[in-house]
Amino acid sequence: MVWYTKSMTDERIIELELKANDIRQSIIEMLEEAGSGHTAGPLGMSDMFAALYFEVMQHDPKNPDWDERDWLFLSNGHTVPVRYATMAHAGYFPVEELLTLRKFGTRLQGHPERHALPGIEHTSGPLGTGLGQASGVATGLRLDGKKNHVFCITGDGELDCGNIWESAMFAAHNGLSNLTAIVDRNNIQINGATENVMSLEDLSGKWESFGWHVIEIDGHNIQQFVDAVNQAKAIQNKPTCIIAHTIPGKGIKEIENEFQWHGKPPTAEEEKRFLKELRTMRGKIEATHSE
Amino acid sequence: MINTKLQLHTDILDPEKLEKAATRDGFGKGLVEAGEKDERIMALCADLAESTRAHWFKEKFPERYVELGVAEQNLMAVASGLANYGKIPFAMSYAAFSPGRNWEQIRSTVALNDVPVKIIGAHAGVSVGPDGATHQALEDIATMRVLPNMIVIVPADSEEARKATLAIAINDKPSYLRLARAKTPIFTTAETLFEIGVPQVVYKPENPTVGVIACGSLVYQSILAASELSKEGIHISVMNLSTIKPMNEKMVTEFAQNVDHIVTAEEHQIHGGMGSAVAEVLGKHAPTKMSFIGMEDRYGESGDPDQLLEHFGFTKSGIIEHIKHQLKKEN
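Those protein sequence lines, which keep their order, are chains A and B. Residue numbering for the first sequence follows my numbering, beginning at 1 and increasing consecutively. Residue numbering for the second sequence follows my numbering, beginning at 1 and increasing consecutively.
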């Protein structure tokens, strides 16, 4: 269920789509340079990341530890290239630094580390633990009477982990309405399609039965995502789970829906083609703008 | 030969005159004291509030008590989040389950993440008693001391447990405190100093031939053994190594350099435990003949705590027998 509140103008949506396009180009560039890493997940989450950092979250790139910031936990830490790229474009650090990803001495560790880079809230990578950590922060904020919101992005494959459902019970039991989980429902995991590896459906029903308010959206529709977050913030007494249906590799036809692209980077030759495709897409988005 | 500088109990050599309490009781008191001093202190518990003594804190500060249910992995993840946010969470369960079941959450969300979660592992060792092997954690020192950033403390009595609780409440580091269920004599006093990383030589004869390095309830049993052996002309010194990590390499090395043989004594597997940690230090700085009192690569079983401690050699008589056997081998 989505409430179309139409909170943004078409111009604003186009601006955010262009940000997402910038982020996708950076993801391709940094992964080709790194020579390893995950491509499909980060590309699929680029639209939501553009919305989170440029529209939804309270945050300050010049003061990452700002007391009034919203917290973003990235439980599926392997998708961190999308976070690094978005943070660079938001002004946390120079965009050029993205090319140090996964290299010796970098602040941009292969999986994110809390102490390595300001603005990374927690070390993550081992799956299934982000929602519990986010629940801990939400508990602390509520105890102190603070209004900051806590977001936790999880993959769908990681919902196989028992720890996620322990955390789901905990957050619902405590009515943590200041917590929003965002499930990147892209239907793939390393060994194949999620429904072949370990069935997750009825996923929406699972979260509902655990006591969560559930919203299903198209994770590439920025307006839907922003509306869902607004709705999550308006819901009292229970946490909200936004199940965001996404296309892994979104934006590059060759990668879209190909689970083989879960954990590999583009080659130099592929990089050229992919960047061209993204620039063409950018042209199309801009053309919509001028119409 | 009791080290009088430490202001230990004046009747230390008479177990009948010493008050008895479990280290979990000292922890429970310490946690309430810490909570009174600092509003950031919180208690998290996985359905074991009474037996971990978390309920004392819960009664006094209900708003700062968080119940997790039987979910140790989530216990650690939530504690990590609270510590990351700025609280000082104490996470309580039995050592068999935490750190037994949630080691990876401890590694990545607490130790690598480097947030000040205080992991309280209650009911460690065979002295848990009748519950049997499933509930007798004998591997936790090994699994915690291997983690970078982690502080590992095994208090020798209830009073030391109270002080250790207050110390880890303010050390700003991931910390593991190992507790026992059984009541044991309280041989330290309120005046005995406690500092993380500073071991104490509690029994100090003039020319010791054997040095015993012990932790937990084995410290007091080693003192009794030392006193009894001295009557037979066998002189041994005893160190209370309550902080296993960070290890005070200097003091442990100096202690070993004064004796011919080091015996380590712990209610834990020999492999990877406190004795192994001492061997790592001595191998590097002062290779010394060593032998180990601990669990010999096996699990515990049901029984009365005293019966089990006796059976596995964790009492005065077991220590005396071990030392005599070692000396006989050497002569």
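We treat Cβ as the ideally placed atom computed from N, Cα and C, and that holds for glycine.
task = Can you tell me which of the three DSSP states B:S175 falls into?
result = strand
key: For B:Y94, three-class secondary structure by DSSP   = strand
request  = Over the uninterrupted beta strand (DSSP E) stretch that includes A:I182, give me the two end residues.
outcome  = L179 to R185
request  = Taking only the alpha-carbon atoms, compute the straight-line gap between A:N21 and A:I27 and give it to the nearest angstrom.
outcome  = 10 Å
ask   = How many Å lie between B:D14 and B:A226 at the Cα?
value = 13 Å
ask   = Nearest chain B C-beta to A:F170 closer than 7 Å, yes or no?
value = yes
query = From this set, B:R101, B:W56 and B:A49, which residue's C-alpha is nearest B:N74's C-alpha?
reply = B:R101
inquiry  = Can you give me the C-alpha to C-alpha distance between B:V252 and B:Q307, rounded to a whole angstrom?
reply    = 31 Å
query = Tell me the DSSP bridge mates of A:W71?
reply = A:V150
key: Coil, strand or helix - A:Q189 by DSSP   = strand
message = Please tell me whether B:L332 has its Cβ less than 7 Å away from any Cβ of chain A.
response = Missing from the structure shown is residue 332 of chain B; chain B here goes from 1 to 331 and no further.
query = In the stretch 214-236 of chain B, which residues sit with their C-beta less than 8 Å from some C-beta in chain A, listed in chain order?
reply = none
message = Using a Cβ-Cβ cutoff of less than 7 Å, which residues in the same chain neighbour A:V2 once the five nearest sequence positions on both sides are dropped?
response = For A:V2, the predicted model reports a pLDDT of 48, less than 50, meaning its position is unreliable and no value from the coordinates is stated.
query = Taking one C-beta from the stretch 109-124 of chain B and one from the stretch 158-176 of chain B each time, how about it: are there three or more such pairs within less than 8 Å?
reply = yes
request  = Go to B:D25, then tell me how far its alpha helix (DSSP H) extends in each direction, as first and last residue.
outcome  = T23 to K37
Every unbroken alpha helix (DSSP H) within the stretch 20-108 of chain A, with a cutoff of 4 residues, ordered by chain = 40-44, 46-51 and 80-90
request  = Report yes if the CB atom of B:S333 is closer than 7 Å to the CB atom of B:K183, and no otherwise.
outcome  = The displayed coordinates of chain B run from 1 to 331. Any statement about residue 333 of chain B would go beyond what the structure contains.
inquiry  = Judging by CA-CA distance, which residue of A:H262, A:M45, A:A40 and A:Q109 is the nearest neighbour of A:A34?
reply    = A:Q109
query = Taking Cβ positions, are A:S75 and A:T154 nearer each other than 7 Å?
reply = yes
ask   = For the putative contact between B:S242 and B:A164, defined by C-beta atoms under 8 Å, what is the C-beta separation to the nearest angstrom?
value = 7 Å
key: Helix, strand or coil at A:A232 [DSSP, three-state]   = helix
query = What distance in whole Å lies between the Cβ atoms of B:A265 and B:L218, which are believed to be in contact at a cut-off of 8 Å?
reply = 4 Å
task = Just tell me which of B:F57, B:V66 and B:E59 has its CA closest to the CA of B:D47.
result = B:V66
key: Contacts of A:R114 in chain B (Cβ-Cβ under 9 Å)   = N84, L112, N113, D114 and V115
ask   = Name the chain B residues that come within less than 7 Å of A:S204, Cβ to Cβ?
value = Those do not exist, as A:S204 stays about 22 Å from chain B at its closest Cβ, beyond 7 Å.
query = So, does the CB of A:N178 fall closer than 7 Å to a CB anywhere in chain B?
reply = no
request  = Tell me, to the nearest whole angstrom, how far the beta carbon of B:G28 is from that of B:F61; I am working on the premise that it is less than 8 Å.
outcome  = With a Cβ gap of about 13 Å, B:G28 and B:F61 do not count as contacting.
request  = Figure out for me which residue from A:E158, A:V137, A:H59 and A:D144 has the closest Cα to the Cα of A:G128.
outcome  = A:E158
request  = Using the Cα positions of B:H9 and B:H261, report the straight-line distance between them to the nearest angstrom.
outcome  = 28 Å
inquiry  = Beta-carbon within less than 7 Å of A:I235's beta-carbon, same chain only, minus the 5 sequence neighbours each way: which residues are those?
reply    = S177 and H213
key: Per-residue DSSP class, three states only, for B:Q269   = strand
ask   = Around the C-beta of B:R181, are 16 or more other C-beta atoms found within 10 angstroms, so that it is buried, or is it exposed?
value = buried
request  = Could you have a look at B:I293 and say whether DSSP puts it in helix, strand or coil?
outcome  = strand
task = Could you pull the start and end residues of the beta strand (DSSP E) that B:L282 belongs to?
result = Looking at the DSSP string, B:L282 is not in any beta strand (DSSP E); the run it does join, the alpha helix (DSSP H), is M274 to H285.
message = Give me the subset of the stretch 41-74 of chain A whose CB atoms are less than 7 Å from a CB atom of chain B, sorted by chain position.
response = none
message = Short of 7 Å in beta carbon distance, which residues of its chain neighbour B:A133, apart from the five on each side in sequence? Order them along the chain.
response = Y299, G300 and E301
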